[in-house]
Amino acid sequence: MKWPRTVVAFAVLALFCMLPLRPGAAELTGEEIMDTVDENQFIASARMESEMIIRDRGRENVKEMISYVESDGEVTNALAEFVNPRDRGTKYLMQDDELWMYFPDAEDLVRISGHMLREGMMGSDFSYQDALESERLTELYTFEKEEMDSIDGREVYVVKAVAREGEEVAYYQRRFWVDAERFVILREEMYARDGRLLKEMITREVEEVQEGRWMPMEVVMEDKLKEGTETVYRIKILELDYDIPEGKISLDTLQ
Amino acid sequence: MPNDKYLLAAAMALVLMLAGVPTAAAVDIGGEITVESGLAYHGDQVSAHLRGEGQMEFYLPEHERFETRFALRGSLSDDDTDWGIRYLYLRSRIGSGHLTAGRQPVSWGYGSMLNPVGYGLDLEGLAGETVTPAVDGLRYFHSLGGGRSIQAVASFPEGLTQQPGDRLGYGARLRLPAAGRDFSLNMSYQPLELPIMCSPQMSQDHLLRAGASYSGDLGPVGIYGALGYYRLREMEESDIAAQLGIDYSFQIGPEYERRLVYLQAEYLRFLQQNLGLAVLMQIGDDRGLPAQESNRGSAGLGMHDLLLANASVDMDAFTQIGTALMAAVDDGTWAVTPYYQTDLGGDVDLRIQAQALRSAEDTTSFGASAALTYHF
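Chains as they are written, first to last, in the numbering used here: chain C, 11 to 265; chain F, 65 to 440.
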């Protein structure tokens, strides 16, 4: 029996519609995966209200802050002001890979020495270097895709990253677990050059901030060199493409 | 405190003015309260003290063209009650800068514990404590772009017995930060009263300081320093102050028990030995360090060589232990202050510290105190 041409045409069309629009999971390279992650995580400008919960052996300390972030794709600058009672008015300015601290009582701005950048911010498991690293991951690392995995029932790509020669990075090796649908990092391990596991970050909550664009809203960072500590970073309000007043994130306005 | 009366009147006027602002948001209040108890042993005598102090700041509504700051301070002890205005100023934004009038902090820091070329005498991070003098006056700040700035200050320190015209102090700072460093050129001219040897009288004079400060990184170590020219006008004494300091941090301890150690040390020397740190301690408001009476050197201008060191260890995210050392190398005076500081939760800190103080007269004093601070 010969099938009518129209039926064959519809069958072929239906077959194409069943295929995914982007290249299949098996076809994406590690670099392509991380490139999409970079695109997702890129923030041109934003205002955030967030909190950092520092936990150590059953004790807890909460830091609340309001942050402004702006980036041109090459360089990211940020200003964070703490609003919890103990630290109220303290500000950190991250600009041009430098960190400045504003002391509200003295109304003075002091440059933070380079050796402090690798230490935890305000006693947390997030180092200043973690916050300062603003370049795209694809510029700093080479990637190799590993076996697929799953986290909480969601299919994830596992991508191993090694620092590019000559690049100054906070961690020589990293491993990412990337949500295969949303392209947001659900888990990350950070290693030293000798392969020692330094930190682990787990994303607890993600949110669709714009159509088709998902971002982590709550992450937990653990310093693997310390026992019993973790830091939860939670974004309570995120305003993307925020109209940051000119000069807000600068040394000039903090002096 | 004559200046405080004028400032209080200004505070009332400010509150009345802001009450009329139709879109005024609620005023927020914050601050801290500290209760401290301690013992001191000096010359076979033991004394105890119980003291409370606090600071309360009114966070006033923001305005497009100006901002205000209003903070009160107070202290209460066995034999003294003191309260006053910590800060009260009005700041008006003008082009690329701003003009601030009233009682305000003026700090020209660069990461040192002691700043010999600042405006007044301020201490930062020594034994975990910071002292910033407040000045009554005017300050103009102008941005030159790229983080560079110039500022000028004119102040009227209270508590001096000089004629009003002689009480005017002024200064200027040109700040030139760049990648990896911070550089500043400073100048100040301020009235002060100096103790006279073997006399209860105080002599009036003016101190001119002109110098530079620098901070940067040398490999993994932070370095900083200052160089300043000092001159006392009436006494016609001059000297050059040179300071060099370093700071470094590292992790120690076995795996899974790593702790952050922070070290900082600086050395200040008055090269010609004509003047000393003691002269700086005569500057400024009576809310800062008290005027020092001394029989050392020329009219009490000793402490020509000063070593400051601070070492601290973060036991965890909430607790720090440390020790601070101040030593006047030239006359053998030193003070050591070990301390323990911890966050008890609920915005309450506990600080326990001890102190041993060796004077130039070879007498040693000891003390210990415990303080609770509540932040709100």
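A virtual CB, placed ideally from N, CA and C, is assigned to each residue, including glycine.
Below-9 Å beta-carbon distance, residue i vs any chain A residue
i	result
residue 64 of chain C	Given the protein chain composition of this structure (C and F), no chain A is represented.
Reference residue i; option with closest CA among the options
i	options	result
residue 192 of chain C	C:63, C:213 and C:110	C:213
residue 159 of chain C	C:184, C:188, C:137 and C:250	C:188
residue 257 of chain C	F:209, F:272 and F:257	F:209
residue 169 of chain F	F:182, F:375 and F:158	F:182
residue 139 of chain F	F:120, F:94 and F:284	F:120
residue 411 of chain F	C:67, C:39 and C:95	C:95
residue 115 of chain F	F:440, F:434 and F:439	F:434
residue 201 of chain F	F:408, F:234 and F:176	F:234
residue 298 of chain F	F:325, F:308, F:345 and F:268	F:268
residue 198 of chain C	C:64, C:38 and C:44	C:44
residue 173 of chain F	F:130, F:342, F:238 and F:371	F:238
residue 179 of chain C	C:190, C:164 and C:152	C:152
residue 123 of chain C	F:154, F:380, F:281 and F:178	F:281
residue 140 of chain C	C:163, C:156 and C:107	C:107
residue 414 of chain F	F:272, F:96 and F:337	F:96
residue 306 of chain F	F:122, F:290 and F:321	F:290
residue 107 of chain F	F:421, F:403 and F:242	F:421
residue 211 of chain F	F:300, F:240 and F:330	F:240
residue 127 of chain C	F:318, F:324 and F:130	F:324
residue 195 of chain F	C:226, C:59 and C:116	C:116
Residue i at chain F interface by Cβ criterion, 9 Å
i	result
residue 244 of chain C	no
residue 95 of chain C	yes
residue 71 of chain C	yes
residue 121 of chain C	yes
residue 262 of chain C	yes
residue 265 of chain C	yes
residue 222 of chain C	no
residue 67 of chain C	yes
residue 126 of chain C	yes
residue 24 of chain C	Residue confidence is low: residue 24 of chain C scores 46 on pLDDT, short of 50, so the model does not pin down where it sits. Its coordinate-derived value is still stated next. No, residue 24 of chain C does not count as interfacial toward chain F.
residue 89 of chain C	no
residue 258 of chain C	no
residue 83 of chain C	no
residue 252 of chain C	no
residue 134 of chain C	yes
Neighbour list for residue i in chain C, Cβ cutoff strictly below 9 Å
i	result
residue 279 of chain F	120, 121 and 123
residue 241 of chain F	108, 110, 119, 121 and 261
residue 196 of chain F	113, 115, 116, 117 and 118
Minimum Cβ-Cβ distance from residue i to chain C less than 9 Å
i	result
residue 333 of chain F	no
residue 429 of chain F	no
residue 307 of chain F	no
residue 125 of chain F	no
residue 258 of chain F	no
residue 319 of chain F	yes
residue 205 of chain F	yes
residue 421 of chain F	no
residue 147 of chain F	no
residue 108 of chain F	no
residue 398 of chain F	no
residue 435 of chain F	no
residue 440 of chain F	yes
residue 14 of chain F	Nothing about residue 14 of chain F can be reported from this structure: the residues present for chain F run from 65 to 440 only.
residue 160 of chain F	yes
residue 286 of chain F	yes
residue 102 of chain F	no
residue 254 of chain F	no
residue 246 of chain F	yes
Residues that residue i contacts on chain F, provided the C-beta gap is smaller than 8 Å
i	result
residue 75 of chain C	Going along chain F, no residue has its Cβ under 8 Å from residue 75 of chain C, so there is no contact; the nearest lies around 15 Å.
residue 205 of chain C	Under the 8 Å cutoff, chain F gives no residues; its nearest Cβ is about 14 Å from residue 205 of chain C.
According to DSSP, residues forming a beta bridge with residue i
i	result
residue 106 of chain F	F:109 and F:429
residue 289 of chain F	F:278 and F:308
residue 165 of chain F	F:154 and F:202
residue 254 of chain C	In DSSP, residue 254 of chain C forms no bridge with anything.
Neighbouring residues, chain F, relative to residue i (Cβ below 7 Å)
i	result
residue 240 of chain C	Simply none; closest approach about 10 Å.
residue 235 of chain C	319, 320 and 322
residue 3 of chain C	Here chain C covers residues 11 to 265 and nothing more, so residue 3 of chain C does not appear.
Neighbouring residues, chain C, relative to residue i (Cβ below 8 Å)
i	result
residue 200 of chain F	Going along chain C, no residue has its Cβ under 8 Å from residue 200 of chain F, so there is no contact; the nearest lies around 15 Å.
Per-residue contacts from residue i into chain C (C-beta, under 7 Å)
i	result
residue 327 of chain F	What residue 327 of chain F touches in chain C: nothing, since even the nearest Cβ is about 10 Å away.
Contact test: residue i Cβ vs the ligand FMN heavy atom, cutoff 8 Å
i	result
residue 209 of chain F	The ligand FMN is not part of the structure shown, which contains no ligands of any sort.
Quiz item: Closer than 8 Å, Cβ to any Cβ of chain C: which residues of the stretch 371-391 of chain F, in chain order?
Solution: Result list: 378, 380, 381 and 382.
Practice problem: Report the residues of the stretch 151-177 of chain C with a CB closer than 8 Å to any CB of chain F, ordered along the chain. | Solution: Hits within the stretch: zero.
Practice problem: Select from the stretch 99-116 of chain C all residues with a C-beta closer than 7 Å to any C-beta belonging to chain F, and list them in chain order. | Solution: Correct list: 106, 108, 115 and 116.
Practice problem: Taking only beta carbons into account, state which residues of the stretch 165-192 of chain F come closer than 9 Å to chain C, listed in chain order. | Solution: Against chain C - using a Cβ distance shorter than 9 Å - the residues of the stretch 165-192 of chain F are 168, 169, 170, 171, 172, 173, 174, 175, 186 and 188.
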